[in-house]
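So the protein sequences, as listed, match chains A and B. Using the working numbering, the first residue of the first sequence is number 12, and each one after it goes up by one. Using the working numbering, the first residue of the second sequence is number 22, and each one after it goes up by one. Here's the structure we're looking at; comments come further down.
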Amino acid sequence: MSSSGLGLVEGERGNALIAWAILLFLLGTAGVELLTGDVVWAGFVLAVVVLAALPAAMHRDRLAMLPWELLALAALPVATRVFVAGQTIGELTLTGRVTTYLAVAAVALVVAVLLDRFTPVRMNDAFAVVFVVITTTAAAGIWAVAQWLSDIYLGTGFLDRPHAEEALMWDFVAATLAGVLSAVLFTYYFRRRNGSGPKGTPRVEGGEGA
Amino acid sequence: MRVRDLIGFSDQQQRLITSAMQYALFGMITVGFYEGSPGVMINAGIGFVVTYIPAILERDYDIPMDPALVLWITLAVFFHAFGTLGLPGDVLNPYRTIWWWDHMTHTFSASIVAGVGYVTVRAIDEHTEAISFPQRFVFVFILLFTVAFGVFWEVIEFALGLLAAATGTPGILTQYGIEDTMKDLLFDTLGGIVVGLWGTAHLSNVSEALTERLGGSAGGE
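Here's what the structure looks like:
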């Protein structure tokens with residue numbers, strides 16, 4: 012059963028310790044965001060926590076955790092929203108757009124690993140990277156449409172800001188950029204892990220290069 | 022159920038319609054040149070090139086192209102190019118005068134993008150041992166693929182718009198505002214759904230041929 016293409020769930024003590032610490036930090040910020048009325052962000056953070064805790068829950072083993080680097084990447088926008096957003100370098104105001112979509116990419120990779128583990132879906136590294144890029148870009152589109160529909164039918168006013176069209180386009184650009192960036196990052200990451208995998212299960216070679 | 026049963030055209034007639042539209046696209050390039058409109062020229066020109074891709078795939082890569090499939094691709098680029106030009110003597114083009122034109126072209130082109138995605142994913146699934154995609158996953162993936170391409174398309178439109186503004190030249194693709202962008206994405210999704218539902222019936226020949234080209238025969242070991 013464990014002949015999965017994406018061997019990204021680890022069973023090591025050190026990794027699990029850091030990973031649980033990250034999830035605890037996320038849980039804390041989700042609580043604060045709920046209290047301050049930032050429901051959308053709280054939802055995102057809670058979703059990350061639930062997804063990340065799934066392998067441990069399904070295997071009934073608290074050491075079965077995703078690599079902590081991946082979870083750290085998913086936690087990135089929470090940190091950047093505190094430290095980066097609103098800062099200005101020269102004339103450029105940092106909004107944390109790209110880091111947000113990098114986090115979305117990390118979540119997409121988490122979803123890919125979970126699909127590979129717990130459903131009949133099987134992916135290899137190369138396809139996982141493609142999946143991440145496509146899901147990240149699509150997420151930006153789906154999120155924009157969801158906001159737009161919510162504005163129309165629920166009167167939320169998500170897009171009710173100056174130059175909404177342009178801001179949205181920059182969101183799309185950021186998502187595309189983050190998708191490509193994460194592809195590079197993950198390809199490098201997979202290669203390094205496969206190159207010097209400490210306890211990696213022997214990988215079934217698909218015969219396809221990139 | 023096949024498309025030709027619905028429309029009632031024979032293969033021969035479909036080929037005829039396809040080449041008629043190819044000539045028309047060439048005509049549009051000429052008109053664009055005559056009117057000094059780079060937008061029309063580029064849109065029709067790219068469309069004209071695209072209509073030859075099925076022939077190249079068929080001849081050089083042995084990938085079977087059903088005449089209906091070729092017609093489908095040609096129609097999509099034809100409607101888009103025609104939308105930027107319009108009828109002779111008309112000042113405004115269909116993209117501006119007909120409210121559903123943009124929706125139609127987006128659904129059309131999205132369905133082609135989804136088709137390419139479907140065929141590729143199926144071929145990879147058949148070809149690679151380490152990969153396995155259940156039908157439901159393919160459907161969701163096709164939708165994501167189409168929406169992602171739609172977003173990418175909007176980014177291209179935006180970038181070309183910025184470029185046009187920076188150089189002071191007329192734009193090649195036009196964005197009409199937030200509502201329009203959102204509807205584009207919704208109709209992109211519609212195109213993806215259509216292919217996701219009908220893909221198995223119409224595109225299996227193409228994906229089988231692609232699987233063989235990838236080197237692994239679809240039949241077992």
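Note that CB positions come from ideal geometry on N, CA and C, so glycine has one too.
- With contacts defined as CB atoms closer than 8 Å, A67 of chain A and A58 of chain A fail to qualify as a contacting pair.
- For V156 of chain A, the closest C-alpha among the options B:A76, B:L207 and B:N114 is that of B:L207.
- Proximity to I214 of chain B across B:I177, B:F179, B:T232 and B:L165 peaks at B:L165, based on C-alpha coordinates.
- The region 65-142 of chain B contains no complete beta strand (DSSP E) run of 3 or more residues.
- Across the structure, L38 of chain A and F158 of chain B are spaced so that their CA atoms are roughly 30 Å apart.
- In the structure shown, the three-state DSSP call for S58 of chain B is coil.
- The criterion of a C-beta distance shorter than 8 Å is not satisfied by L82 of chain A and A114 of chain A.
- With a threshold of 16 other beta carbon atoms within 10 Å, E147 of chain B meets it and is buried.
- Measuring C-alpha to C-alpha distances from M203 of chain B to each of A:A149, A:L188, A:V191 and A:M69 identifies A:A149 as the nearest.
- Around the Cβ of D127 of chain A, a 10 Å sphere holds 16 or more other Cβ atoms; the residue is buried.
- The closest CA to that of V195 of chain A, considering only A:A139, A:P78, A:V60 and A:L62, is found on A:A139.
- In this structure, the alpha-carbon of V121 of chain A lies about 49 Å from that of L113 of chain B.
- The beta carbon of S58 of chain B does not come within 8 Å of any beta carbon belonging to chain A, so the residue lies off that interface.
- Residues of the same chain with a CB within less than 7 Å of the CB of L224 of chain B, apart from the 5 flanking positions on each side, are G136, Y139 and V140 in chain order.
- The beta carbon of I29 of chain A is closer than 6 Å to those of W79 in its chain, skipping five residues each way along the sequence.
- Taking 7 Å as the cut-off between beta carbons, the residues of the region 160-194 of chain B near chain A are L165, F166, V168, A169, G171, V172, F173, E175, V176 and F179, in sequence order.
- Excluding five sequence positions before and after D136 of chain A, the CB atoms of its chain that fall closer than 6 Å to its own CB belong to F201, given in chain order.
- At a cut-off of 8 Å between beta-carbon atoms, G198 of chain B makes contact with chain A.
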